[in-house]
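Report on the structure given below.
2 protein chains.
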Amino acid sequence: MNAPEKLPLFELSTWSTRQLADVEQALSRWVACPSGAPAPAGLGDAMRYAVLDGGKRLRPLLVMAACEAVGGNAQAALRSACAVELIHAYSLVHDDMPCMDNDVLRRGKPTVHVKFGQAQALLAGDALQALAFELLTPEDDSVSAATQAALCRMLALAAGFQGMAGGQAIDLASVGKPLSSEQLHEMHRLKTGALLQASVMMGAACGSIGAATQSALRDYGAAVGLAFQVVDDILDVTADSATLGKTAGKDAAQDKPTFVSLMGLDASRDYAQKLLAQALASLKASGLKNTDALSALADMLVNRSA
Amino acid sequence: MNAPEKLPLFELSTWSTRQLADVEQALSRWVACPSGAPAPAGLGDAMRYAVLDGGKRLRPLLVMAACEAVGGNAQAALRSACAVELIHAYSLVHDDMPCMDNDVLRRGKPTVHVKFGQAQALLAGDALQALAFELLTPEDDSVSAATQAALCRMLALAAGFQGMAGGQAIDLASVGKPLSSEQLHEMHRLKTGALLQASVMMGAACGSIGAATQSALRDYGAAVGLAFQVVDDILDVTADSATLGKTAGKDAAQDKPTFVSLMGLDASRDYAQKLLAQALASLKASGLKNTDALSALADMLVNRSA
């Protein structure tokens, strides 16, 4: 009798490297010039600087992993992966501006407005948002019209006042004010959670799934989105700036309410693990088989050190 | 024998009043809360302030007129009309900010950043852009998926680096520099022309037309878009601030290249009339019958006094 054949272990780093090769190549091509002429008067340089050569690409990876789980249209997923990353990139450009967080460094490099001036940074962010929707609506028949429309809607909701921009507005209004646990959750659900969850759901929308699976993936996305922020708050206290690639201890210095300031460090760590368990349970409940990448991403996200 | 029955003359003001009743009502409803909860933390107030109760609504009127000419889906046109106006409104909010034009008054009222602060103005602009794409992608079946996708693509192209944002970048780079006639045309083709032309083409995309008609309407849109800017440059010199509702003589004061500075006042006036003739000829070439509104809008646009 032979020993049972061992299944190959899923290697997140191998999987991510393969996915990101496609995503980086697509971003390079599309941010340079998706169709027609390149961006004029330095705008293209500012857009590329904001997007290329940096970032963990967590949102694109969630899109690709969700598409893989549902066996969806890879071309639609690649476009979605780039689109969510463009929205994320534009939000960083605008957030870093003097009237918002006034950050001069990001990923160890001067921020876009430091390098290109505030006006160009404002325009580059605006143009990146438009480009995200352009990528989702190719003229060829690689992505069905129904999928294009659904993806645009999901991205618009996640980026707008009911999502990221709304969360930013709550953030603005909350500096120096005590927030209840409920308010803090609501702020992060919108500010970072909505786009992370949309990444999962847009990947899933590249395939065809039933309502129960959709609902389970939505729960997974919500848990992962929230866990991401809880861990961010923990790392802001426990990691140093060099490891983070951004200024550590900034939240406390700016008197921003965080999960750590609200519930303490140990309880925050427990909470992150609880959210990870929830995310994994939702994956199981989805009934999908091919969830290795989604599961490993949730684990990485919660147990990361930077 | 009876006298030949007289056709009723087309009354632009009557037509516009009727269209704008629908558009204003839709904007009020959708900018307040298109679906789900209203915008949090003052963001909704800033968005509504930026959009409601002001503006000539020229772009929405072009959408409605083009849809009428092709006998298109009125619901799709109404959504498109609001979407182009949201893009226009967001661009004004961002343009007025201190790092761009630093304007404190618009339509006789404090600009959004003066009233709500720069951070909120930045966010309101960002959220208005996202909302435009949300409006174009309703979940119900009032607009076909193919039309939704086409409208999103047209709007993204017109708003982004190949359109409005690209034109702004050229504008930024051109202050105090002599521009050739070709460069000035290119700047305005992108900065204002692209969204005006897209308004026409989005209205037309609400119906079903052949390639020749589409091409003729594209020519109409290009002529009207350019004429709009030529007339703007003329009025900046000839009208007073009270009539314009904005600061007259600003272009010259800021040493911005204009059609008047390039070709003089009389030649600019001739040029505007030539563009009007081109626009009307394109309408004729379109083969469409119901072009009264498009034709009257072109005439109004060129012969306006404010």
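In order, the protein sequences belong to chains A and B. Quick note on the numbering used here: the first sequence kicks off at 9 and runs consecutively. Quick note on the numbering used here: the second sequence kicks off at 9 and runs consecutively. C-beta: ideal position from N, C-alpha, C; glycine also.
Item                                                                                                                     : Value
Under 9 Å (Cβ pairs) to chain B, residues found in the stretch 48-76 of chain A                                          : Pro48, Ala49, Gly50, Leu51, Gly52, Ala54 and Met55
Counted within 10 angstroms of its Cβ, other Cβ atoms place Ala287 of chain B as buried (16 or more) or exposed          : buried
Chain B contact for Glu190 of chain A (CB, 8 Å cutoff)                                                                   : no
Glu32 of chain B at chain A interface by Cβ criterion, 8 Å                                                               : no
Members of the stretch 170-188 of chain B near chain A, C-beta cut-off 7 Å                                               : Gln170, Ala173, Gly174, Gln176, Ala177, Ile178, Leu180 and Ala181
Cβ shell of Ala166 of chain A (< 6 Å), same chain only, five flanking positions each side left out                       : Ala202, Leu203 and Ala206
Where Leu113 of chain A falls: helix, strand or coil (DSSP)                                                              : strand
Where Asp259 of chain B meets chain A, residues with beta-carbon distance less than 9 Å                                  : Per Cβ cutoff of 9 Å: no residues; Asp259 of chain B is ~17 Å from chain A at best.
Terminal residues of the alpha helix (DSSP H) in which Thr246 of chain B lies                                            : Ala219 to Thr246
Within the stretch 39-108 of chain A, ranges of the alpha helix (DSSP H) (whole runs, at least 4 residues)               : 51-59, 66-78 and 82-104
Chain-ordered residues of the stretch 135-155 of chain B with a beta carbon less than 9 Å from chain A                   : Ala135, Leu136, Gln137, Ala138, Leu139, Ala140, Phe141, Glu142, Leu143, Leu144, Thr145, Pro146, Glu147, Val151, Ser152, Ala153, Ala154 and Thr155
Phe18 of chain B classed as buried or exposed, judged by whether at least 16 other C-beta atoms fall within 10 angstroms : exposed
Nearest to His96 of chain A (by Cα), restricted to the options A:Val78, A:Gly62 and A:Ala247                             : A:Gly62
Interface partners of Cys107 of chain A on chain B, CB under 7 Å                                                         : Gln126, Ala127 and Leu130
Rounded straight-line distance, which links the Cα of Ala213 of chain A to that of Leu144 of chain A                     : 12 Å
Members of the stretch 158-170 of chain B that neighbour chain A once the beta carbon cut-off is set at 7 Å              : Cys160, Arg161, Ala164, Leu165, Ala167, Gly168, Phe169 and Gln170
Chain B contact for His102 of chain A (CB, 8 Å cutoff)                                                                   : yes
Separation of Gly52 of chain A from Met72 of chain B, as counted between CA atoms                                        : 33 Å
Per DSSP, cross-strand counterpart(s) of Pro118 of chain B                                                               : B:Leu113
Backbone secondary structure at Asp30 of chain A - three-state DSSP                                                      : helix
C-beta contact flag for Ala58 of chain A and Val92 of chain A at 8 Å                                                     : no
Span separating the alpha-carbon of Cys75 of chain A from that of Val151 of chain B                                      : 26 Å
Closest Cα partner of Ala77 of chain B within the set B:Gly174, B:Lys64 and B:Gln222                                     : B:Gln222
8 Å contact criterion, which Ala138 of chain A and Ala164 of chain B should meet: CB distance rounded                    : 5 Å
Neighbour-count burial assignment, Asn4 of chain A, 16 or more Cβ in a 10 Å radius                                       : Because chain A is modelled from 9 through 314, residue 4 of chain A falls outside the range shown and cannot be assessed.
Same chain, Cβ closer than 6 Å to Ala231 of chain B, five either side skipped, listed in chain order                     : Leu283, Gln286 and Ala287
Under 8 Å between C-beta atoms of Leu198 of chain A and Met172 of chain A                                                : yes
Classification of Asp179 of chain A by the beta-carbon crowding that lies within 10 angstroms, buried from 16 upward     : buried
Straight-line gap, Gly80 of chain A to Ser36 of chain A (C-alpha atoms, nearest Å)                                       : 23 Å
Neighbour-count burial assignment, Val315 of chain B, 16 or more Cβ in a 10 Å radius                                     : The question about residue 315 of chain B has no answer, for chain B in this structure spans 9 to 314.
Unbroken stretches of the alpha helix (DSSP H), 4 residues or longer, contained in the stretch 253-286 of chain B        : 258-261 and 267-271
Rounded straight-line distance, which links the Cα of Cys107 of chain B to that of Leu131 of chain A                     : 11 Å
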